[in-house]
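Numbering (our numbering), first residue to last: 93 to 721.
Where a beta carbon is used, it is the ideal one built from N, C-alpha and C, also for glycine.
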């Protein structure tokens, strides 16, 4: 008896009433190729998934199910359970969409195929894709009573090709804003089900950026269900929230949860019972209708998956890094990340944050100095100049990051393709500063922008001073990855001759550096400015802001944009100085950078008879073409 004959006979028999969770517990087998816990599926392992699966069942009047979940909570397995249930129990045309075709291919090969092959209830209904004349491929599965089409949100063909009763849209916050000029991919997909009265639309995702996050918008239109767990001590039901975790940030050896009602604390071992007795509650019952929305953060992760200790450890590591913090907020707290703090930064307000030390002087905590150089103009431009910022770096008390101190900002006027400005930069590079301890400090690292009209001049100057920690850099707008990449060999011109691969240029992750700088400005005591820092300086330092744009492929992206008619050279110099500091830290053993530089201050090697640099010496005695900001 073939699958089609068996399907016909099955259709004549009275159907056993089953929900998605009941079917999964009875028939689903987790493959060792795609599951961390292979074997028979058990909803009790993640009991918070039972209600979403029941709303996906055929007997539920709900038409749309929205999951705004943290990572590693079983969203993908729930979608696969639903797919399997539909194939076996309620066959009909089905469309499953991933953010891209490549991700659709990976889902099909790594997750879907193993499930179809190793779940006996499904194996005889869908022949393997490699079978001759099976009609099945990576992107299409035919079964008695229906078919499954798998596609990517970046392909209009995947979204418009056929009607479907069931629509599964996975990780929708990563979908493009427009696909092939035909409109929103979520709307295009949902139209495929418009002719079916008993349709089901399943939308899942971790959240992304506030204001442009698809899953957040979908969840806010739902009845907004949240999972409530009873306190093991007093029994009070509450949503598990990160703010209620209690731990020592300096010595993470114990993590406990504090009940919002009785204030008693308990550890994670109580979570298994709490989850089993937990319940979903609609927090916006007035929105009740055809859409059921579910929100859950990482604290609800079952024992053995993601621990409270891991969540806190990740938080402490991400605390001083906005790029990491964004990921942590999205994937652990299941919340959108906001850059709103940048909108609150303004020059006038920052004037009140100035410290009492003078420009050119070194505050006592500073143990390392780095310079950032922005190259402006060239080729005879009247505005040609070098803008040079010196920043001091000191250990932050927690030891998790660094504090920054603005030491000085100078401008050297002249054509960067001529030698005079570089002579002036040498003065600043070789200058000595006096530390309150009496030790003499010099610039340890210097990063020079090479992306303008004087690239060869920059390469040549940097090459000749690389033993002084001088590097040529080039900014990149790509977010993610290291702050400063590996150096790449480049050609430079020297005395009219080209020297092959004689220079080195480093590519910067400028967006993530700006994130760090703005987070420090926001945080009290993370970045300091000398007493004479001007309002104009602050305007340039805060002259860019985070915004949402659509890239060439239609995907929403977060990027930096200049404020109208605002120069940003001071911000660029700060970015370049920070990159030089970051490169220095790579050469030191992990966690030992500031200790090494502090020892240098205690055991100075510089001769004491050299002149120190202060704000007066810089402009009046050492170089009359160097102008103090």
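Helix, strand or coil at residue 407 [DSSP, three-state]: Position 315 of the chain shown, counted from the first residue, corresponds to residue 407. DSSP places residue 407 in helix when its eight states are reduced to three.
Report the rounded CA-to-CA distance for residue 363 versus residue 394, giving the unit in angstroms. Taking the chain shown and counting its residues from 1, the one referred to as residue 363 is at position 271. Taking the chain shown and counting its residues from 1, the one referred to as residue 394 is at position 302. C-alpha separation (whole angstroms): 7 Å.
Under three-state DSSP, which class holds residue 379? Indexing the chain shown from 1 puts residue 379 at position 287. Reduced to three states, the DSSP call for residue 379 is helix.
Within the continuous beta strand (DSSP E) that includes residue 466, where are the two ends? Here residue 466 refers to the residue found at position 374 when the chain shown is read from its first residue. Element bounds for residue 466: 460 to 468.
So what's residue 254 in DSSP terms, helix, strand or just coil? Residue mapping note: residue 254 aligns to position 162 of the chain shown, counting from 1. Here residue 254 sits in coil by DSSP.
Closest residue to residue 476 among 661, 427, 303, 563 (Cα-Cα distance): In the chain shown, counting from the first residue as 1, residue 476 sits at position 384. Considering only alpha carbons, the answer is 661.
Let me make sure I understand the geometry here. Which of 241, 468, 666, 149 has the alpha-carbon closest to that of residue 254? Taking the first residue of the chain shown as position 1, residue 254 is located at position 162. Of the candidates 241, 468, 666, 149, the one whose C-alpha sits nearest the C-alpha of residue 254 is 241.
On a Cα-Cα basis, can you pick out the residue from 544, 372, 327, 376 that is closest to residue 356? As a first step, residue 356 is located in the chain shown; it is residue number 264 there, counting from the start. Residue 327 is the option with its Cα nearest to residue 356.
Determine, using beta carbons only, whether residue 289 and residue 426 come nearer to each other than 8 Å. Taking the chain shown and counting its residues from 1, the one referred to as residue 289 is at position 197. Taking the chain shown and counting its residues from 1, the one referred to as residue 426 is at position 334. Here residue 289 is not near residue 426, since their CB atoms are 8 Å or more apart.
Between residue 527 and residue 454, which are expected to be in contact by the criterion C-beta below 8 Å, what is the C-beta distance as a whole number of angstroms? Taking the first residue of the chain shown as 1, we reach residue 527 at position 435. Taking the first residue of the chain shown as 1, we reach residue 454 at position 362. With 8 Å as the limit, residue 527 and residue 454 qualify as a contact, their Cβ atoms being about 5 Å apart.
Among 318, 270, 146, 303, which residue has its Cα nearest to the Cα of residue 294? The residue you call residue 294 lines up with position 202 of the chain shown. By alpha-carbon distance to residue 294, the top candidate from 318, 270, 146, 303 is 146.
Is the distance from the Cβ of residue 447 to the Cβ of residue 610 below 8 Å? Translated into positions along the chain shown, residue 447 becomes position 355. Translated into positions along the chain shown, residue 610 becomes position 518. No, Cβ-Cβ distance for residue 447 and residue 610 is not below 8 Å.
Would DSSP call residue 389 helix, strand or coil? By 1-based counting over the chain shown, the position of residue 389 is 297. Residue state, collapsed to three classes: coil.
Which class does residue 522 belong to by DSSP, given the choice of helix, strand or coil? Taking the first residue of the chain shown as position 1, residue 522 is located at position 430. Of the three classes helix, strand and coil, the one that applies to residue 522 here is helix, per DSSP.
What are the boundary residues of the beta strand (DSSP E) that includes residue 666? Position 574 of the chain shown, counted from the start, is the residue given in the question as residue 666. Per DSSP, residue 666 lies in no beta strand (DSSP E); the unbroken alpha helix (DSSP H) holding it starts and ends at 661 to 678.
Contact set for residue 638: own chain, Cβ-Cβ below 7 Å, skip 5 residues either direction: Walking along the chain shown from the start, residue 638 turns up at place 546. For residue 638, where only same-chain residues beyond five positions count, the Cβ hits under 7 Å are 431, 434, 650, 652.
Under the three-state DSSP convention, the category residue 511 falls into: Along the chain shown, one-based indexing puts residue 511 at 419. Note: residue 511 maps to helix in three-state DSSP.
Anticipated Cβ contact below 8 Å, residue 499 with residue 514, distance rounded: Looking up residue 499 in the chain shown gives position 407. Looking up residue 514 in the chain shown gives position 422. About 21 Å separates the beta carbon of residue 499 from that of residue 514, a gap too long to meet the 8 Å contact definition.
With a floor of 4 residues, list each alpha helix (DSSP H) that falls wholly inside the region 280 to 366, ordered by position along the chain. Here the runs fully enclosed are 306 to 312.
Do residue 627 and residue 654 count as a contact pair if the criterion is CB distance below 8 Å? The residue given as residue 654 occupies position 562 in the chain shown. The residue given as residue 627 occupies position 535 in the chain shown. Contact check for residue 654 against residue 627 fails: the beta carbons are separated by 8 Å or more.
Following the continuous beta strand (DSSP E) through residue 495, name the residue where it begins and the one where it ends. To locate residue 495, count along the chain shown from 1; it is residue 403. Membership of residue 495 in the beta strand (DSSP E) is indicated by the continuous run 494 to 505.
Is residue 695 buried or exposed, if buried means 16 or more other CB atoms sit within 10 Å of its CB? On the chain shown, residue 695 is found 603 positions in, with the first residue counted as 1. Under the 10 Å beta carbon count, residue 695 is surrounded by fewer than 16 other beta carbons and is classified as exposed.
Using the C-alpha atoms, what's the distance from residue 591 back to residue 576? What you label residue 576 is simply residue 484 of the chain shown in a count that begins at 1. What you label residue 591 is simply residue 499 of the chain shown in a count that begins at 1. Distance between the alpha carbons of residue 576 and residue 591: 25 Å.
Helix, strand or coil for residue 446 per DSSP? Within the chain shown, the letter at position 354 stands for residue 446. Here residue 446 sits in coil by DSSP.
For residue 711 and residue 504, I'd like the C-alpha separation in whole angstroms. Taking the chain shown and counting its residues from 1, one reaches residue 711 at position 619. Taking the chain shown and counting its residues from 1, one reaches residue 504 at position 412. With a pLDDT of 35 at residue 711, under the threshold of 50, the modelled position of this residue cannot be trusted, and the question is left open.
Sub-8 Å separation of residue 391 and residue 400 beta-carbons: Taking the chain shown and counting its residues from 1, the one referred to as residue 391 is at position 299. Taking the chain shown and counting its residues from 1, the one referred to as residue 400 is at position 308. In contact: residue 391 and residue 400 (Cβ atoms closer than 8 Å).
Would DSSP call residue 532 helix, strand or coil? Working through the chain shown from its first residue, we reach residue 532 at position 440. Strand at residue 532.
4 or more residues per run - each alpha helix (DSSP H) lying fully within the region 148 to 177: Scanning the region 148 to 177 from its first residue to its last, no whole alpha helix (DSSP H) run of 4-plus residues comes out.
Taking DSSP as the reference, what is the three-state secondary structure of residue 246? In the chain shown, residue 246 corresponds to position 154, counting from 1. In the three-state scheme derived from DSSP, where H, G and I count as helix and E and B as strand, residue 246 is classed as coil.
Residue 640 - partner residues in DSSP beta bridges: If you number the chain shown from 1, residue 640 lands on position 548. Beta-bridge pairing by DSSP links residue 640 to 650.
Please work out which residues of its chain come closer than 6 Å, Cβ to Cβ, to residue 449, disregarding the five sequence neighbours upstream and downstream, and give them in chain order. Position 357 of the chain shown holds residue 449. The answer, listed in chain order, is 455, 622.
Would you kindly check if the distance between the Cβ of residue 389 and the Cβ of residue 314 is under 8 Å? Sequence index remark: in the chain shown, residue 314 carries index 222 (1-based). Sequence index remark: in the chain shown, residue 389 carries index 297 (1-based). No, they are not a contact pair.
If contact is defined by three or more beta carbon pairs under 8 Å, each pair taking one atom from either stretch, is the region 191 to 206 in contact with the region 458 to 470? Pairwise C-beta distances place the region 458 to 470 out of contact with the region 191 to 206, as fewer than three of them are shorter than 8 Å.
Would you call residue 703 buried or exposed, if buried means 16 or more other Cβ atoms sit within 10 Å of its Cβ? On the chain shown, position 611 is the one that residue 703 refers to. Confidence in residue 703 is poor, its pLDDT being 40 and thus under 50, which makes the residue's placement too unreliable to answer from.
Between 228, 246, 244, which lies nearest to residue 238 when the distance is taken from Cα to Cα? On the chain shown, position 146 is the one that residue 238 refers to. Taking only the C-alpha atoms, the option nearest residue 238 is 228.
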